[in-house]
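Some notes on the structure that comes next.
Chains as they are written, first to last, in the working numbering: chain Z, 1 to 497; chain F, 498 to 562.
The following block contains the structure:
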């Protein structure tokens, strides 16, 4: 039985300063600090004790590989909803807390957007006259610079990593059919000399390797960072860097839900009916991105060909069979897993029959429909800068400017639930313990990270509380305990009993 | 779908009534969609950054991750 697919999303937001210091690192710091100072009672920093992004899941590091550096000097905060909000390189980044199911992940991803909006407003209130920070939820600047939206999934350590790579690669190459955020034009050397009007994915053209440790250069389709943030003997955290940041909730839900489900089939050894190994996954991911007809045959390793849609139908069929045979417990509540399957099937059917019918569900379709309508009204060719402006402004998070907000896309989570997720942690992962301790005793928590909390009670040495299991520390496990504790020292005494 | 793509290319190079071509005129849902898109386009003309070329040129990010 596949283990619970605890999941989360880390989003690096694009940042732009109007009429002020254009330094993105400074602006990102201002943004995070504005939120922390104005809207959080007590700022708690991040603990880097267990960070080791250079560890490779294959058990080795390739010579010349450049693992990411941990930047400890930049602004870092942990929020009462269990999330991390910080400055990564030259971007503000929001990592959702650990979520037990894909719908919960959508809710916290949306809470992240809300937090960025509140941060922009808070930053502007304290900014010099006329200066303003603007944040975009996208993945590239259209000039060859990309920044990521990463997903994380909890996996069973006993599953050989090579099996994960083989099983998930066809999905990562083709899921952009519904998970792509859409993009006008092309921006890498890959497409030099060819005309590309529109791509399904913002990120696809930036991928150059099948498997690897890097995230900023020679990006791999499957990232091998082996940093479980949990008991390493039992768990693996699959760190996924191949996705686009989505605004459409259905797209986020499907991106996370289908990936969790395909990973469950891999964990439990349920293969697709035919081999889905691609001859050249890197080439294929580029081909899929520029094919809006979904009819381009992709070369398979066995010498045959298959379209991206055909590969998706095979993955769906295997997942459907898996659900029928083994159930969907690993995806959380039964209705959530069923909803993933129902929507997956419906979207594949829509892509096959009438892609524009999915404009309320998928980012790339919503954006394309908007662009086509704009082209028709203004008579502009694809390289007209106004189309690039529409593309960019689709992702603008400012409510008054966001084009996405003006579209009537389908919502899966109501606004009140999103508002609660801005301050309250998910109840069914260890994020609950983290968030509740920060809510109840903010001045006693010295630092926090994914798998521990460090308490400072004044007189005693600092006390670290490990949280090595993402499924422990839930409301069910510790709510009564926390309620019974009058103080943090009371909690630590009880925990050490 | 391939046919639809071709039609799009042709209508957009000729300009004019492309939206009408793409949305079946007889379909009530299609009419509603077109009306909604028209309203939306009016709104976009209002909120789209004034100088599109400069706006797009100035949006430069450092790579991340």
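Even glycine gets a Cβ: it sits at the ideal position worked out from N, Cα and C.
Going by beta carbon distance, what residues of the same chain come within less than 6 angstroms of residue i, once the five residues before and after it are set aside?
i	result
residue 140 of chain Z	146, 202
residue 402 of chain Z	396
residue 252 of chain Z	106, 109, 246
residue 311 of chain Z	170, 174, 276
residue 382 of chain Z	197
residue 199 of chain Z	183, 289, 290
residue 24 of chain Z	15, 90
residue 407 of chain Z	366
Do residue j and residue i have their beta-carbon atoms positioned less than 7 angstroms apart in this structure?
i	j	result
residue 205 of chain Z	residue 188 of chain Z	yes
residue 173 of chain Z	residue 284 of chain Z	yes
residue 83 of chain Z	residue 470 of chain Z	no
residue 444 of chain Z	residue 455 of chain Z	yes
residue 33 of chain Z	residue 75 of chain Z	yes
residue 415 of chain Z	residue 250 of chain Z	no
residue 157 of chain Z	residue 225 of chain Z	no
residue 439 of chain Z	residue 248 of chain Z	no
residue 221 of chain Z	residue 281 of chain Z	yes
residue 95 of chain Z	residue 10 of chain Z	yes
residue 227 of chain Z	residue 53 of chain Z	yes
residue 80 of chain Z	residue 473 of chain Z	no
residue 148 of chain Z	residue 562 of chain F	yes
residue 327 of chain Z	residue 266 of chain Z	no
residue 373 of chain Z	residue 365 of chain Z	no
residue 92 of chain Z	residue 28 of chain Z	yes
Would you tell me roughly how many angstroms separate the C-alpha atoms of residue i and residue j, rounded to the nearest one?
i	j	result
residue 523 of chain F	residue 530 of chain F	Legend: pLDDT at residue 523 of chain F = 46, less than 50; position of this residue unreliable, value from coordinates given subsequently. Their backbone Cα atoms lie some 12 angstroms apart in a straight line.
residue 36 of chain Z	residue 100 of chain Z	26 angstroms
residue 152 of chain Z	residue 405 of chain Z	27 angstroms
residue 519 of chain F	residue 369 of chain Z	Summary for residue 519 of chain F: the model assigns pLDDT 42, below 50, so the residue's position carries little reliability; its value from the coordinates is reported in the next sentence. Taking the straight line joining both Cα atoms gives about 11 angstroms.
residue 534 of chain F	residue 322 of chain Z	41 angstroms
residue 51 of chain Z	residue 449 of chain Z	9 angstroms
residue 164 of chain Z	residue 59 of chain Z	14 angstroms
residue 234 of chain Z	residue 97 of chain Z	20 angstroms
residue 392 of chain Z	residue 134 of chain Z	12 angstroms
residue 122 of chain Z	residue 264 of chain Z	42 angstroms
residue 459 of chain Z	residue 493 of chain Z	15 angstroms
residue 483 of chain Z	residue 154 of chain Z	29 angstroms
residue 219 of chain Z	residue 528 of chain F	44 angstroms
residue 521 of chain F	residue 19 of chain Z	Below a pLDDT of 50, predicted positions are generally treated as unreliable, and residue 521 of chain F, at 43, falls in that range; the measurement from the model is reported next regardless. Taking the straight line from one Cα to the other gives about 46 angstroms.
residue 431 of chain Z	residue 232 of chain Z	18 angstroms
residue 537 of chain F	residue 132 of chain Z	26 angstroms
residue 186 of chain Z	residue 130 of chain Z	33 angstroms
Establish whether the CB of residue i and some CB of chain F are separated by less than 7 angstroms.
i	result
residue 145 of chain Z	yes
residue 399 of chain Z	no
residue 271 of chain Z	no
residue 325 of chain Z	no
residue 314 of chain Z	no
residue 385 of chain Z	yes
residue 373 of chain Z	yes
residue 377 of chain Z	yes
residue 7 of chain Z	no
residue 363 of chain Z	no
What do you get for residue i, buried or exposed, if any count of 16 or more other CB atoms within 10 angstroms of its CB means buried?
i	result
residue 339 of chain Z	buried
residue 549 of chain F	buried
residue 294 of chain Z	buried
residue 420 of chain Z	exposed
residue 305 of chain Z	exposed
residue 543 of chain F	exposed
residue 244 of chain Z	buried
residue 316 of chain Z	buried
residue 497 of chain Z	exposed
residue 2 of chain Z	buried
residue 461 of chain Z	exposed
residue 126 of chain Z	exposed
residue 307 of chain Z	buried
residue 143 of chain Z	exposed
residue 481 of chain Z	exposed
residue 354 of chain Z	exposed
With a threshold of 7 angstroms between beta-carbons, can residue i be considered close to chain Z, or not?
i	result
residue 532 of chain F	no
residue 543 of chain F	no
residue 529 of chain F	no
Please return the same chain residues whose Cβ sits closer than 8 angstroms to the Cβ of residue i, not counting the five positions on each side in sequence.
i	result
residue 44 of chain Z	77, 78, 438, 442, 445, 446, 447, 448
residue 301 of chain Z	275, 277, 278, 279
residue 8 of chain Z	95, 96, 97, 98, 99, 105, 108, 151, 152
residue 115 of chain Z	35, 79, 83, 85, 94, 422
residue 46 of chain Z	76, 77, 78, 84, 86, 447, 448, 449
residue 357 of chain Z	350
By Cβ distance below 7 angstroms, which residues in the same chain neighbour residue i in space, the five residues on each side in sequence not counted?
i	result
residue 320 of chain Z	341
residue 344 of chain Z	254, 258, 316
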